[in-house]
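Below you'll find the structure, written out as structure tokens, and then a few comments.
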Amino acid sequence: MAIYYEKMKKKAVCALLLLSLLALSVAADDAPPSVQVSPSTACNDTTDPTFCRTVLPPRGSSDLYTYGRFSVARSLDSARKFAGLVDRYLARHRGLSLAAVGALRDCQLMSELNVDFLTAAGAALKSTDTLLDPQADDVHTLLSAILTNQQTCLDGLQAASAAWSERDGLAVPIANGTKLYSLSLSLFTRAWVPTAKGSSKHGGGNKKPHHGHGHGHSGKKPPAANRRSLFDAADDEMARRMAIEGPERTVAVNGVVTVDQGGAGNYTTVGDAVAAAPNNLDGSTGHYVIYVLTGVYEENVVVPKHKKYIMMVGDGIGQTVITGNRSVVDGWTTFNSATFGVWSTRLATHASYRGRTYQLGRVGHPA
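Encoded structure:
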């Protein structure tokens, strides 16, 4: 009997220890991002905990902010190395097909953008543990765009695979980079965007901004005869007031130009309007608005990375339509076949996609 009770006592002690460890683990996972946790605990809720534990320092404890910054720094280092690798492939491109060179040049562009995005994200996270809602949204967009760039690069290489057998030399670095960038996004979200777990610390969680613009909040389109004068670039009052407006936020506007196929606007093509837009705006004076009037614009539009803080709006679905005719079958790379290619981090549009067609909505009425 004494032996039986001794065994039961040991089992009870083990059960209590197990419950205590589970409670500690749950508490650590739900702890605020400023609380010191082990690397293993920090990795628990990431997309790939096993990979995460190979990235974070194995010893000691830190808060999620520190782990997030560490991962972004590692990501930036990885992006720079991959950009250098692509450059080396291009340097010996004489034996490559045009398809392979085109895919590599797309990857070169994507890798340069990733370096820019990670540099910007790292700078934003370096100075503070608290981000305002727009800042958190910006960093989240940057880190998400990096993953898209990785996939775009890989898609282009796969499309050129029949003409280029060496693409596998880039496939592994792309896969490893994607896992690292995904980790950075995951850690950033846990630390700086607690709304992911139901909190509203950085800006109000599920609140939807109210959208309107210079012709009021009724949502009605102004008469066709008045639209051109309404968006006259010389109208200073319009430039000040036409924006995405609402109780919580207003996006300032520093200038407005119009695109009209009939010649009544400032430009007749969207591409010309983008090319003429100011370079490297910093947002301090607001967005540069390109208003594309009703029409079907048969062109492929590219917004380079130095065209920042541009807002592009139109007259709505079925009214303002941009449609291109490039395809991979015709020899274009995956990226350059896009009807609307954006390299910039600061383009605001209200738009929808229909195959190769890009339709611009009105402000306040996302397409």
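Note that the sequence shown covers residues -28 to -1, 1 to 339 in mature numbering (1 follows the signal peptide of the UniProt record, and there is no 0).
All C-beta atoms in this analysis are idealised placements derived from N, C-alpha and C, irrespective of residue type, glycine included.
In this text the structure is predicted, and so the values were computed from the model without any measurement.
Host alpha helix (DSSP H) of residue i (start-end)
{"i": "Y61", "result": "36 to 63"}
{"i": "H112", "result": "105 to 131"}
{"i": "T26", "result": "21 to 27"}
{"i": "T13", "result": "11 to 15"}
{"i": "V73", "result": "70 to 98"}
Identity of the residues DSSP links to residue i by a beta bridge
{"i": "Y263", "result": "T230, V285"}
{"i": "Y239", "result": "V231"}
{"i": "V246", "result": "Answer is none; V246 lacks a bridge partner."}
{"i": "V225", "result": "H259"}
Under 8 Å between C-beta atoms of residue i and residue j
{"i": "L159", "j": "Y39", "result": "yes"}
{"i": "L142", "j": "L129", "result": "yes"}
{"i": "V228", "j": "I294", "result": "no"}
{"i": "R25", "j": "P5", "result": "no"}
{"i": "D109", "j": "K277", "result": "no"}
{"i": "L90", "j": "A132", "result": "no"}
{"i": "A92", "j": "L114", "result": "yes"}
{"i": "Y61", "j": "D101", "result": "no"}
Straight-line gap, residue i to residue j (C-alpha atoms, nearest Å)
{"i": "T230", "j": "A117", "result": "29 Å"}
{"i": "A236", "j": "D287", "result": "15 Å"}
{"i": "Y239", "j": "C15", "result": "52 Å"}
{"i": "W164", "j": "V225", "result": "29 Å"}
{"i": "A72", "j": "N252", "result": "31 Å"}
{"i": "D204", "j": "F23", "result": "Here the model assigns D204 a pLDDT of 42, short of 50, so the residue's position is not dependable and the matter cannot be decided."}
{"i": "D17", "j": "A96", "result": "23 Å"}
{"i": "R77", "j": "V9", "result": "42 Å"}
{"i": "Q80", "j": "C125", "result": "8 Å"}
{"i": "I289", "j": "V111", "result": "30 Å"}
{"i": "G32", "j": "R41", "result": "16 Å"}
{"i": "residue 351", "j": "K53", "result": "What the structure shows of the chain is the stretch from -28 to 339, and residue 351 is not part of that stretch, so it cannot be assessed."}
{"i": "D248", "j": "A75", "result": "One detail in the question is off: residue 248 reads as Ala in this sequence, not Asp. Those two C-alpha atoms are separated by around 28 Å."}
{"i": "D254", "j": "Q107", "result": "14 Å"}
{"i": "V285", "j": "L70", "result": "36 Å"}
{"i": "S256", "j": "P21", "result": "40 Å"}
{"i": "P30", "j": "T13", "result": "11 Å"}
{"i": "V275", "j": "R298", "result": "17 Å"}
{"i": "G258", "j": "A63", "result": "41 Å"}
Option in the options with minimal Cα separation from residue i
{"i": "V7", "options": "T26, A45, S34, P30", "result": "S34"}
{"i": "S83", "options": "N121, T91, D101, G94", "result": "N121"}
{"i": "K280", "options": "D109, V261, A93, G296", "result": "V261"}
{"i": "Y269", "options": "V275, G258, Q291", "result": "Q291"}
{"i": "V246", "options": "S256, G255, V264, G258", "result": "V264"}
{"i": "T19", "options": "A55, G56, R66, L155", "result": "L155"}
{"i": "G296", "options": "I282, E271, V275", "result": "E271"}
{"i": "G56", "options": "S256, G255, N86", "result": "N86"}
{"i": "S47", "options": "S99, A63, L157, Q123", "result": "L157"}
{"i": "Q123", "options": "T257, D105, V144", "result": "V144"}
{"i": "D232", "options": "G267, S256, H259, P21", "result": "G267"}
{"i": "T150", "options": "D59, V44, V275", "result": "V44"}
Start and end residues, beta strand (DSSP E) containing residue i
{"i": "V165", "result": "Segment: none, V165 is in no beta strand (DSSP E) and carries neither H nor E."}
{"i": "V275", "result": "273 to 275"}
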